[in-house]
Amino acid sequence: MANDNGNSGNDPLPDAKPKNKCIVCGQRNTTRRCTMCSKDLICSTACQYSATIDGVNATHSKLCVDLPQTIADILFKSIIINQIPTDQKTLFDYRFNDFNDHGKRMLVTAYKHALVYDDSALANWTSG
């Protein structure tokens, strides 16, 4: 017997998110978690950017913003928006203080390029 919303009661609701799907695009099965909070499934760097910087998924964005930030979180957010971090500990720990302004911008670019590869691609480089 169908319930008020037209399904049998055992079917997922139309707005329910499928398991293992990216919370941003909903298109890809993934095991990759948000790099900021490790809570939700986010399939790629592009979707990570959308979820944490653009705020496409407002609930997730709020969750990430409210969490205590590590220097890795601070670096990630700076790199995603293509800016040199301003946090002094991040600048020191990630060696930005070793460079002039031009070198710092180059380091941002290097870190940004490292973000486009997923764990499996990096593992292939180290094992092959």
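Just so we're aligned: 49 in the working numbering is position 42 of the sequence shown, and the numbers increase by one with no gaps anywhere.
Don't be surprised by glycine CBs; every beta carbon is placed ideally from N, CA and C.
- Counting along the chain, A58 sits inside no alpha helix (DSSP H), nor does DSSP assign it H or E at all.
- Non-local C-beta neighbours of T38 in its own chain, meaning closer than 8 Å and more than five positions away in sequence, comprise N27, L48, ordered along the chain.
- For a cut-off of 8 Å, the C-beta gap from V123 to I91 is around 19 Å, too long to register as a contact.
- Shown here, N104 sits in a helix according to DSSP, grouped into three states.
- D80 places its beta carbon 7 Å or farther from that of M113.
- Secondary structure of N36 (DSSP, three-state): strand.
- The closest CA to that of I78, considering only H67, T52, L98, C32, is found on L98.
- With respect to the 7 Å criterion, C50 and R40 are not classified as neighbours on the basis of their beta carbons.
- Y118 places its beta carbon less than 7 Å from that of I86.
- With at least 16 other beta carbons inside 10 angstroms of its own, H67 counts as buried.
- CA-CA distance, G33 to A58, rounds to 12 Å.
- Here N104 has L98 as same chain residues with Cβ atoms under 7 Å from its own Cβ, once five neighbours each way along the sequence are excluded.
- I88 is classed as exposed because its beta carbon has fewer than 16 other beta carbons within 10 Å across all chains shown.
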